[in-house]
Structures are given as structure tokens and as C-alpha cells.
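Okay, structure first, notes after.
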Amino acid sequence: MNVDITPDTLLHDTYLIDSDTVGIRLQLRRRRRSDMHRASSRNTLLLMHGATFPGESLFDVPVDGISFMDVLAMAGFDVWAVDVRGYGGSTRPAEMMAPTDANPPLTPARVAVRDLATAVDYILAENSIERLNLVAMSWGGSVAGIYASQHGERLEKLALVAPLWLSSRPLRIDAGQPLTAWRLARIDDFRQAWLAGVPVEHREALLPPGWFEQWAVVTNATDPEAPEPNTIRAPGGALQDTREHWLSDRPLYDPSAITAPVLLVHAEWDQDVRIDMMQDLFTRLDNAAYRRWIEIGRGTHMILMEPGRWQAFDAIVAFLREPNGTIREDGNMDR
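Everything in the sequence shown is counted per full-length UniProt numbering, starting at 1 for the first residue and increasing by one.
As C-alpha cells, this is what we get:
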């Protein structure tokens, strides 16, 4: 990827915006080049995080000196990342101060999509544009999928990294535990989960020395009020979505209702989203202006923070940069 600017020269901003619920505010992180004079629909994008870790933890850990947000900004995009309620720098509902089993699961996708919509509306108004690009990961793909199926007129393009989808077999996120308002994630335990499914001879290369530790420090800092050291809290709604929808043949959205161009990105050692799930989703995206699926070897669910991430970065940047046209039957693109 050719760039002419370094991460140190990028502009960093953080916003707290009102949600549609009194007392709940949403954090937006922003990254862009200092020489960006005008934002457009084509060069504005919003990142949506997954079920457990907030936007900073997934998209903005500068392993080897550079993060996903940095790369996107250096490529000329006005990059935003939202934390929906209960995650990262956004307001944690009062129920997250009570015992985990004292309330129903918090922030399921049907609630998270309202926060995503609030973020989209804010960014469109801030940049005086009508549409933007949406990039989402894992459970965030559920939230983005709902939004894209309902608000196609506000989307330029949609890129989904290892999005959750229907599964006829158990998924790692749901080990049969009770559905609770929130759950506690132990950061140090995640190394084992990260490397599960990776052949032993490839583990050191996949997670170079210091990368996990750097990620752990950033992730731990996203929840300073967690009840135990080296843990973060996550709302329980994503687990509820998995059990009641993705494992019950009840999709949260209809992929055929998505009309924007779609890119799917997946890695071969992903233990959370299997390749058969990706294939099923891809076949159902039959009304997208066009669709593409990139499969990356020697990577996991956390591909965006592994050495193979540059394949994902290049694929996403190329997809977002290309003309937003439709593919004709002769294989050429209408623009």
C-alpha cells in the first residue's frame, strides 16, 4: 500500500454524542489526515465493533507501530469508530453496576442498531454528506447487517469482517451459560482463545512477541471500573442474539434486502465464524450491487491484528476506493 503520511501526523479526535436514550452517550473515535480538505460519501467510513471488545481494542491497537484506523486514515479516509452502549468509552447502563444476573441481557443487536444509526446520522451531518461506508466485525456484522438492510440509501459500501451468521453447529461464544445482563471477559485468558485452531508450528509467527501484551494493555484500559483486575465487562445481548437467532435459524436480517456493494473478509483458522457460514451468507447477498469474498490463509477471527492483516487492509481499502458501480452480465462495470 502506497502512503505518504505517517501515523504520527494523523489527526485524532474523540466525541461523546447523545443517544436516543436519556443519560446514554456514545463515544466516537475519529482519525484522518491533516491534509484532508473535504470529506465525501466515498471517503467517509464508520467502524462497528464486535460482541466483547470495543472499537479501540479491535481497530486501534498500533501493533508493529500502526493500527487499522491508522491505515485507513493514511489511505485517505475520514475514519470513525463507534462504541455502542455498554462498550468502551460509551455510557454503561446502570444495570452493569448490578450483579450479572439481576437484569435481562443488555444491548442486543436491535438496541445496538439504534446506536449505530445515531452515529451514522451524526457523521453524515458533521460531514454534510448523504451516505458513508460501513465496516463491521463479528457480531458487529449483525448490527451492520440490520442497518444495511433497512437504510440502504445511507450506505456507500458495506465491508464485513468475519460476520456472525446462521450456524447449525455450536458457536464458541455460547457455551450454554445463563443469559445475563452482562458478562465478564478475562483478558489474559483470551490468548488461548485467540490461538485456538492455529497449528502449533504457526502460533509464534501469528502472534509475534509483544503484540498480545500491547493489545491487552489497551483493552484493559477501556473498562477502568471493571470489578476485577485484567477484565472488562461486555453486555449480554450479543450472546442472546447468538442463541436466539444465529443458532436457532432465525436471522436478524435478510441479506437479500442489502443493495449496497458488499465485501466479506474471512480467515481460514477462524474458530468463531466458520467458512460454511460465510459461504451461506455470501449466497444470500444476491441483491447487492456487487459482492466479493476474500479468504485469507493463516489467520484467525482476529485477522485485523495479525501479520496477515495487510491482506485484509489492502482488500478493504481497494474495495472502498473502487468506483461504486454495478457489474453487468458481460463482466464490465457500469459507473
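Glycine is no exception: its CB is placed at the ideal position from the N, C-alpha and C atoms.
Checklist entry - Hey, quick one: how far does the beta strand (DSSP E) through TYR122 stretch, first residue to last? => result Along the sequence shown, read from residue 1 onward, the residue named residue 122 stands at position 122. No beta strand (DSSP E) contains TYR122, which is instead part of the alpha helix (DSSP H) from 109 to 127.
Checklist entry - So the alpha helix (DSSP H) MET277 belongs to, where does it begin and stop? => result Start at 1 with the first residue of the sequence shown, and residue 277 comes out as number 277. That run of the alpha helix (DSSP H) goes 275 to 284.
Next on the checklist: Within 10 Å of its beta-carbon, does THR300 have 16 or more other beta-carbons around it, so buried, or fewer, so exposed?
Outcome noted: Here residue 300 refers to the residue found at position 300 when the sequence shown is read from its first residue. Only buried fits THR300, as 16 or more other CB atoms lie within 10 angstroms of its CB.
Checklist entry - Can we say the segment 289 to 305 touches the segment 255 to 271, given the rule of at least three CB pairs closer than 8 Å? => result The segment 289 to 305 is in contact with the segment 255 to 271.
Item to check | Per-residue burial, LEU16 [other beta carbons within 10 Å of its own, 16 or more giving buried] | outcome: Here residue 16 is taken as the residue at index 16 of the sequence shown, counted from 1. With a threshold of 16 other beta carbon atoms within 10 Å, LEU16 falls short and is exposed.
Item to check | Contacts around ILE258, its chain only, beta-carbon distance under 8 Å, and the 5 residues preceding and following it disregarded | outcome: Translated into the one-based positions of the sequence shown, residue 258 becomes position 258. Contacts found: GLY145, ALA148, SER149, GLY152, LEU158, LEU285, ASN287, ALA288.
Checklist entry - In the structure shown, what three-state DSSP assignment does ALA103 receive? => result Sequence index remark: in the sequence shown, residue 103 carries index 103 (1-based). Here the sequence assigns Asn to residue 103, which means Ala is not the residue at that position. ASN103: coil per DSSP, three-state reduction.
Next on the checklist: What does the alpha-carbon distance come out to for the pair PRO229 and THR283?
Outcome noted: Residue numbering aside, residue 229 sits at position 229 when the sequence shown is read from its first letter. Residue numbering aside, residue 283 sits at position 283 when the sequence shown is read from its first letter. Rounded to whole angstroms, the gap between the alpha carbons of PRO229 and THR283 is 44 Å.
Item to check | Assumed close pair ALA136, ALA185 - CB separation to whole angstroms, cut-off 8 Å | outcome: In the sequence shown, the residue the question calls residue 136 occupies position 136. In the sequence shown, the residue the question calls residue 185 occupies position 185. That belief does not hold up - the Cβ atoms of ALA136 and ALA185 are roughly 19 Å apart, past 8 Å.
Next on the checklist: Alpha carbons only, please: which of ALA162, PRO178, ALA51 is nearest the one belonging to ILE296?
Outcome noted: Your numbering for residue 296 matches position 296 in the sequence shown. Residue ALA162 holds the alpha-carbon nearest to the alpha-carbon of ILE296 among ALA162, PRO178, ALA51.
Checklist entry - Can you tell me the Cα-Cα spacing of THR6 and THR100, whole angstroms? => result Within the sequence shown, numbered from 1, the residue matching residue 6 stands at position 6. Within the sequence shown, numbered from 1, the residue matching residue 100 stands at position 100. The C-alpha of THR100 is placed about 43 Å away from the C-alpha of THR6.
Next on the checklist: Based on DSSP bridge pairs, tell me the residues matched to PRO235.
Outcome noted: To locate residue 235, count along the sequence shown from 1; it is residue 235. Per DSSP, the beta bridge partners of PRO235 are TRP182.
Next on the checklist: Which residue wins for smallest C-alpha separation from ILE232, given the options ASN220, LEU206, ARG172?
Outcome noted: Residue 232 sits at position 232 when you count from the first residue of the sequence shown. The candidate whose alpha carbon is nearest that of ILE232 is ASN220.
Next on the checklist: What does DSSP give as the partner residue(s) for GLN27 in the beta ladder?
Outcome noted: By 1-based counting over the sequence shown, the position of residue 27 is 27. Bridge pairing for GLN27: LEU16, ASP83 [DSSP].
Next on the checklist: Under DSSP, the alpha helix (DSSP H) around MET69 begins and ends at which residues?
Outcome noted: Looking up residue 69 in the sequence shown gives position 69. Counting along the chain, the alpha helix (DSSP H) containing MET69 begins and ends at 68 to 74.
Checklist entry - How would you call HIS202, buried or exposed, if buried means at least 16 neighbouring beta carbons within 10 angstroms? => result Residue 202 sits at position 202 when you count from the first residue of the sequence shown. HIS202 is exposed by the Cβ-count criterion.
Item to check | Residue of LEU11, TRP293, MET97 minimising C-alpha distance to PRO227 | outcome: Position 227 of the sequence shown, counting from 1, holds the residue named residue 227. Looking at the Cα atoms, MET97 is the closest of the given residues.
Checklist entry - Can you list, in chain order, the residues of its chain whose CB lies under 7 Å from that of ILE123, leaving out five sequence neighbours each side? => result Residue 123 sits at position 123 when you count from the first residue of the sequence shown. The residues are THR44, LEU46, TRP80, LEU132.
Checklist entry - Can you name, in chain order, every residue of its own chain whose Cβ lies under 6 Å from the Cβ of TRP293, other than the five neighbours on each side? => result Residue mapping note: residue 293 aligns to position 293 of the sequence shown, counting from 1. If we look at TRP293 and ignore the five residues flanking it on each side, its Cβ neighbours are LEU264, PHE282.
Next on the checklist: Here's the rule: buried if 16 or more other CB atoms are within 10 angstroms of the residue's CB, otherwise exposed. What is GLY65?
Outcome noted: In the sequence shown, the residue the question calls residue 65 occupies position 65. When all chains shown are included, GLY65 counts as exposed.
Item to check | Exposure of HIS12, with buried meaning 16 or more beta-carbon neighbours within 10 Å | outcome: On the sequence shown, position 12 is the one that residue 12 refers to. Classification for HIS12: exposed.
Next on the checklist: Taking the straight line between their C-alpha atoms, what separation do you get for ARG154 and GLU225?
Outcome noted: Within the sequence shown, numbered from 1, the residue matching residue 154 stands at position 154. Within the sequence shown, numbered from 1, the residue matching residue 225 stands at position 225. Near 36 Å, if we compare the C-alpha coordinates of GLU225 and ARG154.
Checklist entry - For ARG85, which residues from the same chain have a beta carbon less than 8 Å from its beta carbon, with the 5 sequence-adjacent residues on both sides left out? => result As a working mapping, residue 85 is identified with position 85 in the sequence shown. Apart from the 5 residues on each side of it in sequence, ARG85 sits with its Cβ closer than 8 Å to the Cβ of SER19, THR21, ILE24, LEU26, THR91, ARG92, PRO93, LEU106, THR107, VAL111, ALA112, ASP115, PRO235 in its chain, given in chain order.
Next on the checklist: What does the alpha-carbon distance come out to for the pair THR9 and MET277?
Outcome noted: As a position in the sequence shown, residue 9 is number 9, starting the count at 1. As a position in the sequence shown, residue 277 is number 277, starting the count at 1. In this structure, the alpha-carbon of THR9 lies about 40 Å from that of MET277.
Item to check | For ASP70 and ARG29, believed in contact at Cβ under 8 Å, the rounded distance | outcome: Working through the sequence shown from its first residue, we reach residue 29 at position 29. Working through the sequence shown from its first residue, we reach residue 70 at position 70. About 12 Å; that fails the 8 Å criterion.
Item to check | From GLY88, ALA109, ASP78, residue whose alpha carbon lies closest to that of GLU244 | outcome: As a working note, residue 244 is residue 244 in the sequence shown. Of the residues GLY88, ALA109, ASP78, the one whose Cα lies closest to the Cα of GLU244 is ALA109.
Item to check | Own chain, CB closer than 7 Å to PHE190, minus 5 neighbours either side, in chain order | outcome: The sequence position of residue 190 within the sequence shown is 190, counting from 1. For PHE190, same chain residues with a beta-carbon under 7 Å away, outside a window of 5 residues either side, do not exist.
Checklist entry - From ALA119, PHE313, THR52, pick the residue whose C-alpha is nearest to that of SER138; which is it? => result For the purposes of this step, residue 138 is identified with residue 138 of the sequence shown, where counting begins at 1. The shortest C-alpha separation from SER138 is found at THR52.
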